[in-house]
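Protein chains: 2
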Amino acid sequence: MNQKITILGAGLVGSLLATLLQKKGYEVTILERRLDMRKGNLAAGRSINLAMSQRGWAGLELAGLKAAVEEIAIPMYGRQIHPIEGESIFQAYGKNEEAIYSVSRGELNRKLMTLAEDCGVNIRFNQKVIDVSLETNTLQIEVDSRISSYDEHDLVIAADGAFSALRNSYLKTDRFDYQQFYIPHGYKELNIPAGARNSFQLNKTALHIWPRINFMLIALPNLDGSFTCTLFFPFEGEVSFSSLTTDQEIRLFFEKYFPDVMPLIPNVVEDFKSNPSSSLVTVKCFPWIYKDKSMLIGDAAHAIVPFYGQGMNAGFEDCRILMDIIAENHTNDWKNILSLYQQRRKINGDAVADLALQNFIEMRDLVADPIFLERKKIEKELGKMFPDVFNSVYEMVSFSHTSYFYALSCQKAQDTLLEKVMNAGRFEDSLQSTAFRNDLELWIATYAAEVKAIETAS
Amino acid sequence: MNQKITILGAGLVGSLLATLLQKKGYEVTILERRLDMRKGNLAAGRSINLAMSQRGWAGLELAGLKAAVEEIAIPMYGRQIHPIEGESIFQAYGKNEEAIYSVSRGELNRKLMTLAEDCGVNIRFNQKVIDVSLETNTLQIEVDSRISSYDEHDLVIAADGAFSALRNSYLKTDRFDYQQFYIPHGYKELNIPAGARNSFQLNKTALHIWPRINFMLIALPNLDGSFTCTLFFPFEGEVSFSSLTTDQEIRLFFEKYFPDVMPLIPNVVEDFKSNPSSSLVTVKCFPWIYKDKSMLIGDAAHAIVPFYGQGMNAGFEDCRILMDIIAENHTNDWKNILSLYQQRRKINGDAVADLALQNFIEMRDLVADPIFLERKKIEKELGKMFPDVFNSVYEMVSFSHTSYFYALSCQKAQDTLLEKVMNAGRFEDSLQSTAFRNDLELWIATYAAEVKAIETAS
Numbered sequence: 002m003n004q005k006i007t008i009l010g011a012g013l014v015g016s017l018l019a020t021l022l023q024k025k026g027y028e029v030t031i032l033e034r035r036l037d038m039r040k041g042n043l044a045a046g047r048s049i050n051l052a053m054s055q056r057g058w059a060g061l062e063l064a065g066l067k068a069a070v071e072e073i074a075i076p077m078y079g080r081q082i083h084p085i086e087g088e089s090i091f092q093a094y095g096k097n098e099e100a101i102y103s104v105s106r107g108e109l110n111r112k113l114m115t116l117a118e119d120c121g122v123n124i125r126f127n128q129k130v131i132d133v134s135l136e137t138n139t140l141q142i143e144v145d146s147r148i149s150s151y152d153e154h155d156l157v158i159a160a161d162g163a164f165s166a167l168r169n170s171y172l173k174t175d176r177f178d179y180q181q182f183y184i185p186h187g188y189k190e191l192n193i194p195a196g197a198r199n200s201f202q203l204n205k206t207a208l209h210i211w212p213r214i215n216f217m218l219i220a221l222p223n224l225d226g227s228f229t230c231t232l233f234f235p236f237e238g239e240v241s242f243s244s245l246t247t248d249q250e251i252r253l254f255f256e257k258y259f260p261d262v263m264p265l266i267p268n269v270v271e272d273f274k275s276n277p278s279s280s281l282v283t284v285k286c287f288p289w290i291y292k293d294k295s296m297l298i299g300d301a302a303h304a305i306v307p308f309y310g311q312g313m314n315a316g317f318e319d320c321r322i323l324m325d326i327i328a329e330n331h332t333n334d335w336k337n338i339l340s341l342y343q344q345r346r347k348i349n350g351d352a353v354a355d356l357a358l359q360n361f362i363e364m365r366d367l368v369a370d371p372i373f374l375e376r377k378k379i380e381k382e383l384g385k386m387f388p389d390v391f392n393s394v395y396e397m398v399s400f401s402h403t404s405y406f407y408a409l410s411c412q413k414a415q416d417t418l419l420e421k422v423m424n425a426g427r428f429e430d431s432l433q434s435t436a437f438r439n440d441l442e443l444w445i446a447t448y449a450a451e452v453k454a455i456e457t458a459s
Numbered sequence: 002m003n004q005k006i007t008i009l010g011a012g013l014v015g016s017l018l019a020t021l022l023q024k025k026g027y028e029v030t031i032l033e034r035r036l037d038m039r040k041g042n043l044a045a046g047r048s049i050n051l052a053m054s055q056r057g058w059a060g061l062e063l064a065g066l067k068a069a070v071e072e073i074a075i076p077m078y079g080r081q082i083h084p085i086e087g088e089s090i091f092q093a094y095g096k097n098e099e100a101i102y103s104v105s106r107g108e109l110n111r112k113l114m115t116l117a118e119d120c121g122v123n124i125r126f127n128q129k130v131i132d133v134s135l136e137t138n139t140l141q142i143e144v145d146s147r148i149s150s151y152d153e154h155d156l157v158i159a160a161d162g163a164f165s166a167l168r169n170s171y172l173k174t175d176r177f178d179y180q181q182f183y184i185p186h187g188y189k190e191l192n193i194p195a196g197a198r199n200s201f202q203l204n205k206t207a208l209h210i211w212p213r214i215n216f217m218l219i220a221l222p223n224l225d226g227s228f229t230c231t232l233f234f235p236f237e238g239e240v241s242f243s244s245l246t247t248d249q250e251i252r253l254f255f256e257k258y259f260p261d262v263m264p265l266i267p268n269v270v271e272d273f274k275s276n277p278s279s280s281l282v283t284v285k286c287f288p289w290i291y292k293d294k295s296m297l298i299g300d301a302a303h304a305i306v307p308f309y310g311q312g313m314n315a316g317f318e319d320c321r322i323l324m325d326i327i328a329e330n331h332t333n334d335w336k337n338i339l340s341l342y343q344q345r346r347k348i349n350g351d352a353v354a355d356l357a358l359q360n361f362i363e364m365r366d367l368v369a370d371p372i373f374l375e376r377k378k379i380e381k382e383l384g385k386m387f388p389d390v391f392n393s394v395y396e397m398v399s400f401s402h403t404s405y406f407y408a409l410s411c412q413k414a415q416d417t418l419l420e421k422v423m424n425a426g427r428f429e430d431s432l433q434s435t436a437f438r439n440d441l442e443l444w445i446a447t448y449a450a451e452v453k454a455i456e457t458a459s
């Protein structure tokens, strides 16, 4: 008899994992809180775009959905940085023309749901899980104000996001460590419509950033020629959501800080007023599992801020690693599988949360700094010169399957190395000197030893 | 018409605060989850003893209960440190024979409840608050499995401990920062009975510590001649709760690590097996208030580990500061009062949590270290030599009303100062040298400037 698995949440991670598990031979049911988004114009929740990178593609490939998503994905080869004055600057993400991909969250989710159903997964919509009894694995479900119990499963997997119902039950168990914290910034979405004949009004092959030190605007391309913009902005303070109250203040703010964007967003004042300001939470917790009965995955285990574009990517990697572990073990030995899953993923969930917080500083502040831009260039050169030894943290995170924990751990060694290189002067000039090239070989050897030590320890 | 206040929890903090507010002219009701502990042999919850110090006495004094509690309090003038081998060492807490006081939690709680009722407070027992609607301030209360609503108040104050029901409702609000984490150690209570004719089998004027690096046993005196012992011990690992499973293992453990205690605890194996192992949580959160409607106080706002003996003391200080703020403002301007309360207390709640975590290291490890004992002696000497400038962090915390935040902030400056002094050699010898005394004057001046800067900044 097949084992039965109930997944909470038919979002990106829940739908992908359901497909993978059903294909593996389990009988999977998804309980989704919302109505079926395919039957109306319902928002997918949260932001409209996401940035798909290596780890995301790997998850889709496992499910056989890579080719179909490639058709709706727009490659972004780097950051197009827009200062207040002067020309914008293009900064490539990778040294080999790698890209991250702008994908519509809603489109992707619809495809994943349909694929899951095609594989035999039963998705039940409008099912709000209000409580979980951990010992009996019984779910209390509210449907149209009526509450019923559900326990027809051997395993419960919560892919129900940053405010997971299962995790709420974990919170009441003894010795459950839990942390949720908000950054002082929120976000608001705006839209740059397509130009004439669905033309793009900005370079479509880049992620656009208007870095303004304590806040920033970004824009990602959509298939229809429009761009989805997101303003990341403090809730409180002198220049903040709370300080912009009148039409006049909103207009002056955009004119002052985003003069090149103003003409592209026709209704910026109206949109600013009518679109919500949403908060940004990070969640860390432990354990991620309860005995052999249930587990957390994706945002439910590690909600992160969006600044590395890794939320969905990390969740898909959770799925891939879980499937690896199932393949390496007796398929129903949940005690062992869940324990190995938690052991392998917890440090990476924490690491990607920290990377994402760090990258906000980089995006809103550092990318406007010429020294930082120079550093990013040198990182790529070093990667080309020493391909077996050096790969920038950004590239590890976005274009490899290197563990997040390892990538984060390498950050300090990279900082030290780059500081040495940059202290020697302009990189192109330095390279003319034999003494520098000898020094560089030595520094690289030191770096290699440091990261080797990290690898051994982790 | 009097304003009505509902307090959740008739523990130490809830009962004291109810008394203070009722005396101020408010109409106070307490809802207590448990039955009336005065009507039976119910445990007061958590540990049996507590260590009352300056901040605790100040709270009792406000309520007029200081003299009555002094009658049931046993002064402990220092730590009696018991190494595995050799004589025990007495280390005074203060430079002027200050003491902390062993008080029975249950006795104190009963006195506080009775005082509250004598002042006109209405304590309703067996009332389990299961949910709070923050906007309407409506409490859902379960009494004998029947649920009813209660909202007859202008303000709700949660003094309902580390797992506060009100804080659970705060947790669901946007932008509420929350952290709960457990240390790897739990605790188990044991008992050293009185000797013949209610005699004390250990020095009754000290807090006894058996420091064993990664774990420790402590003992506090009771009025009846017995001592309450608490073993702080890792849950997992080579020597841990999980490793002691047989009678033999338990006996050998006590024989090996606590040979002088073994003869004093007649049923140590039985007690070890039958008494629960409890976990130790720290909680930090923000905000502590909701609009002008409700607030958290004591452990509900800042649950801490017990190693500084400051849990109740910090809660009583919360009460005193809240009463100060009420006195300085319009008595019903809750928006302003709650905002000031949070502003003044949040940093101190976090600081005492950190101090308590630090003190575990000190108690279980450092007090067995001769260098550390020497340092503690020098601290007292410095306090006598420079009374206007230098006061050890321990003395600030236990024997003054200096803010926890300031005390914690001074730690680093004290570490630096003491390191300089101790590097010069044995303090008594050093003092013979004019050069050293000149250096010391200079170091003290530097220290004074550093702590002045901390004071100005905070």
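Taken in sequence, the protein lines are chains A and B. Residue 2 is where the first sequence starts when you use the working numbering, and the numbers rise one by one after that. Residue 2 is where the second sequence starts when you use the working numbering, and the numbers rise one by one after that. Idealized CB from N, CA, C, for every residue including glycine.
{"Query": "Residue of Phe308/B, Ser275/B, Phe228/B minimising C-alpha distance to Asn199/B", "Result": "Phe228/B"}
{"Query": "Chain A contact residues for Phe182/B, given Cβ-Cβ distances below 8 Å", "Result": "Asp178, Tyr179, Gln180"}
{"Query": "Whole-number beta carbon distance between Arg56/A and His402/A, since they are thought to touch under 8 Å", "Result": "7 Å"}
{"Query": "Test: Gly46/B CB closer than 9 Å to a CB of chain A", "Result": "For Gly46/B, the pLDDT reaches just 44, beneath the cut-off of 50, and the residue's location in the model is therefore unreliable, although a value from the coordinates is still provided. Not closer than 9 Å to any Cβ of chain A, the Cβ of Gly46/B fails to qualify, so no."}
{"Query": "Nearest-angstrom Cα separation, counted from Ile8/B out to Ile158/B", "Result": "5 Å"}
{"Query": "Beta-carbon separation (whole angstroms), Arg376/B vs Pro212/B, contact threshold 8 Å", "Result": "In fact, because the Cβ distance is near 15 Å, the residues do not count as touching under 8 Å."}
{"Query": "Cβ-Cβ distance between His303/B and Ala315/B below 9 Å", "Result": "yes"}
{"Query": "Other residues of its chain near Arg125/B: CB distance less than 8 Å, five sequence neighbours each side excluded", "Result": "Thr30, Ile31, Leu32, Glu33"}
{"Query": "C-beta contact flag for Gln92/A and Ile82/A at 9 Å", "Result": "yes"}
{"Query": "Classification of Gln433/B by the beta-carbon crowding that lies within 10 angstroms, buried from 16 upward", "Result": "exposed"}
{"Query": "In DSSP terms, what Phe126/B is bridged to", "Result": "For Phe126/B, which the question treats as bridged, DSSP gives no partner whatsoever."}
{"Query": "Within 7 Å of chain B by C-beta, residues of the region 272–286 of chain A in sequence order", "Result": "Ser280"}
{"Query": "Buried or exposed (CB count within 10 angstroms, at least 16 for buried), Thr231/B", "Result": "buried"}
{"Query": "Segment contact flag, the region 206–223 of chain B with the region 289–304 of chain B, C-beta cutoff 8 Å, min 3 pairs", "Result": "no"}
{"Query": "Pick from Glu62/B, Leu441/B, Asn192/B, Asp248/B that is closest to Asp225/B, judged by C-alpha positions", "Result": "Asn192/B"}
{"Query": "Residue from Gly299/B, Asp370/B, Gln4/B whose Cα sits closest to the Cα of Leu167/B", "Result": "Gly299/B"}
{"Query": "Contact between the region 371–388 of chain B and the region 322–329 of chain B (3+ Cβ pairs under 8 Å)", "Result": "no"}
{"Query": "DSSP state of Leu113/A mapped onto helix, strand, coil", "Result": "helix"}
{"Query": "Closest Cα partner of Asn268/A within the set Ser280/A, Phe255/A, Ser278/A, Ser279/A", "Result": "Phe255/A"}
{"Query": "Val422/A versus Arg80/A - alpha carbon distance", "Result": "24 Å"}
{"Query": "Pairwise C-alpha distance: Leu36/B and Val144/B", "Result": "11 Å"}
{"Query": "Coarse secondary structure for Cys320/B, derived from DSSP in three states", "Result": "helix"}
{"Query": "Contact set between the region 159–177 of chain A and chain B, restricted to residues whose Cβ is under 7 Å from the partner", "Result": "Asp175, Arg176"}
{"Query": "Every unbroken beta strand (DSSP E) within the region 208–288 of chain A, with a cutoff of 3 residues, ordered by chain", "Result": "217–222, 228–235, 279–287"}
{"Query": "Three or more C-beta pairs below 8 Å linking the region 183–197 of chain B and the region 275–284 of chain B", "Result": "yes"}
{"Query": "Limits of the unbroken alpha helix (DSSP H) element including Met38/A", "Result": "Where Met38/A is concerned, there is no enclosing alpha helix (DSSP H), given that its DSSP letter is neither H nor E."}
{"Query": "Span of the beta strand (DSSP E) around Ser150/B", "Result": "147–151"}
{"Query": "Where the beta strand (DSSP E) through Glu143/A begins and ends", "Result": "139–144"}
{"Query": "8 Å contact criterion, which Val14/B and Ala160/B should meet: CB distance rounded", "Result": "4 Å"}
{"Query": "Spatial neighbours of Asp479/A in its chain, beta-carbon cut-off 7 Å, leaving aside the 5 residues before and after", "Result": "Within the shown structure, residues of chain A are numbered from 2 to 459, placing residue 479/A beyond reach of any answer."}
{"Query": "is_contact[Phe236/A, chain B] using C-beta, thresh 9 Å", "Result": "yes"}
{"Query": "Test item: CB-CB of Ile49/B and Asn223/B under 9 Å", "Result": "yes"}
{"Query": "Contained beta strand (DSSP E) runs [length at least 3] in the region 37–108 of chain A, N- to C-terminal order", "Result": "50–53, 75–77, 79–82, 90–93, 101–105"}
{"Query": "Residue burial classification, Ile131/A (beta-carbon count within 10 angstroms, cutoff 16)", "Result": "exposed"}
{"Query": "Residue range of the beta strand (DSSP E) that includes Ala159/B", "Result": "156–159"}
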